[in-house]
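Data block below; observations after.
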Amino acid sequence: HEKIEVLALIPKEGQELKDVTEYTKDPLVLKHHPQGMVPVIVDEEEKEPAVYDSLVCVEFTDDLVNAGIAEGTTPLLPKDPVAKAKARIWVDYFNKNVASNFYKVLVPRDQETRVQGMENFRAALRKFQENMKGPFFLGEHLSAVDIAAFPWAFRAVSVGMLERYRGEDFALDRKEFAKIYDWVQACENLPSVKITLPDKERLIGAYGRYAEGTAKSKIG
Numbered sequence: 001h002e003k004i005e006v007l008a009l010i011p012k013e014g015q016e017l018k019d020v021t022e023y024t025k026d027p028l029v030l031k032h033h034p035q036g037m038v039p040v041i042v043d044e045e046e047k048e049p050a051v052y053d054s055l056v057c058v059e060f061t062d063d064l065v066n067a068g069i070a071e072g073t074t075p076l077l078p079k080d081p082v083a084k085a086k087a088r089i090w091v092d093y094f095n096k097n098v099a100s101n102f103y104k105v106l107v108p109r110d111q112e113t114r115v116q117g118m119e120n121f122r123a124a125l126r127k128f129q130e131n132m133k134g135p136f137f138l139g140e141h142l143s144a145v146d147i148a149a150f151p152w153a154f155r156a157v158s159v160g161m162l163e164r165y166r167g168e169d170f171a172l173d174r175k176e177f178a179k180i181y182d183w184v185q186a187c188e189n190l191p192s193v194k195i196t197l198p199d200k201e202r203l204i205g206a207y208g209r210y211a212e213g214t215a216k217s218k219i220g
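Right, here's the structure in full:
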């Protein structure tokens with residue numbers, strides 16, 4: 001299961017962001033998630049049941065901010081029911097058409113499957129960028145759509161993961177995908193995003209397990 005690496009909440013003094021995305025499972029995560037997967041949100045005294053699953057956590061934090069229970073930035077989802085539903089549709093679209101095809105390039109052993117995966121990956125990104133409304137997907141502010149989409153765009157654009165493992169034919173053209181490149185940069189410039197960005201070389205090394213077929217974690 002893929003993890004969302006960005007939440008539009010900046011930790012207060014005394015709060016801790018703990019990176020447990022490596023293969024060694026953190027005891028606290030194992031205690032509160034059946035499979036030991038991240039993200040997991042646990043209250044300070046561990047009295048309430050943990051909240052987990054990436055997109056559930058995103059909407060949960062948004063609900064906390066909207067209810068005045070936690071401090072945050074602008075809402076991550078529109079208040080209008082129709083606009084909110086459309087945002088969720090785009091999150092689902094990205095997961096099914098962009099993120100999934102990222103792995104169809106990286107994981108398969110045969111070149112034909114990789115090439116087809118890259119064609120689908122590019123086509124899905126074209127549609128995604130055609131529907132962007134501003135520096136961020138829904139306009140002037142970061143939303144749940146950006147949070148869901150950014151990790152794989154970061155890997156493809158900023159890290160160059162696909163061409164690193166599969167060659168230059170699997171790169172994203174900067175001119176064709178100019179809006180995607182600008183959007184990724186806009187996301188990276190946010191303080192709440194900067195604190196989550198992994199070291200690029202370390203990330204490339206971690207994804208070598210997928211490219212070489214030795215990964216222990218499941219994709220989905």
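Per the UniProt record's numbering, the very first residue in the sequence shown carries number 1; after that it's consecutive. Even glycine gets a Cβ: it sits at the ideal position worked out from N, Cα and C.
Residue i and residue j closer than 7 Å at C-beta
{"i": "Trp183", "j": "Val145", "result": "no"}
{"i": "Thr196", "j": "His141", "result": "no"}
{"i": "Ala156", "j": "Leu172", "result": "yes"}
{"i": "Val105", "j": "Met118", "result": "yes"}
{"i": "His33", "j": "Val42", "result": "no"}
{"i": "Phe170", "j": "Glu163", "result": "yes"}
{"i": "Ala211", "j": "Pro135", "result": "no"}
{"i": "Met161", "j": "Tyr93", "result": "no"}
{"i": "Asn101", "j": "Asn131", "result": "no"}
Beta-carbon proximity list for residue i, same chain, < 8 Å, skipping 5 on both sides
{"i": "Gly205", "result": "none"}
{"i": "Ser158", "result": "Val184, Glu188, Lys200"}
{"i": "Arg88", "result": "Leu77, Ala144"}
Inter-residue spacing [alpha-carbon to alpha-carbon] between residue i and residue j
{"i": "Ile180", "j": "Leu125", "result": "8 Å"}
{"i": "residue 224", "j": "Ala148", "result": "Here the chain has residues from 1 to 220 only, and residue 224 is not among them."}
{"i": "Tyr165", "j": "Ala67", "result": "45 Å"}
{"i": "Glu5", "j": "Gly213", "result": "At Glu5 the pLDDT is 40, less than 50, meaning the model places this residue with poor confidence and gives no usable figure here."}
{"i": "Pro151", "j": "Val56", "result": "16 Å"}
{"i": "Ala99", "j": "Glu168", "result": "19 Å"}
{"i": "Tyr52", "j": "Gln35", "result": "11 Å"}
{"i": "Val65", "j": "Lys86", "result": "21 Å"}
{"i": "Lys84", "j": "Asn95", "result": "17 Å"}
{"i": "Val29", "j": "Gln116", "result": "37 Å"}
{"i": "Asp63", "j": "Glu112", "result": "44 Å"}
{"i": "Arg114", "j": "Glu48", "result": "44 Å"}
{"i": "Tyr103", "j": "Gln129", "result": "20 Å"}
{"i": "Ala50", "j": "Lys133", "result": "35 Å"}
{"i": "Pro198", "j": "Asp80", "result": "34 Å"}
{"i": "Glu45", "j": "Ser54", "result": "22 Å"}
Residue environment, residue i, which counts as buried when at least 16 other CB atoms sit within 10 Å
{"i": "Thr61", "result": "buried"}
{"i": "Ala178", "result": "exposed"}
{"i": "Val82", "result": "exposed"}
{"i": "Arg209", "result": "exposed"}
{"i": "Arg202", "result": "exposed"}
{"i": "Arg109", "result": "exposed"}
{"i": "Ala153", "result": "buried"}
{"i": "Arg174", "result": "exposed"}
Close beta carbons around residue i, own chain, < 6 Å, minus the five adjacent residues each side
{"i": "Asn97", "result": "Ala124"}
Own chain partners of residue i with C-beta closer than 7 Å, once the 5 adjacent residues on each side are dropped
{"i": "Leu190", "result": "Leu142"}
> Of all the beta strand (DSSP E) runs that stay within the bounds of the region 117-193, which reach a length of 3 or more residues?
Replying inline: none
> Unbroken alpha helix (DSSP H) runs of length 4 or more, entirely within the region 29-69: which are they?
Replying inline: 54-66
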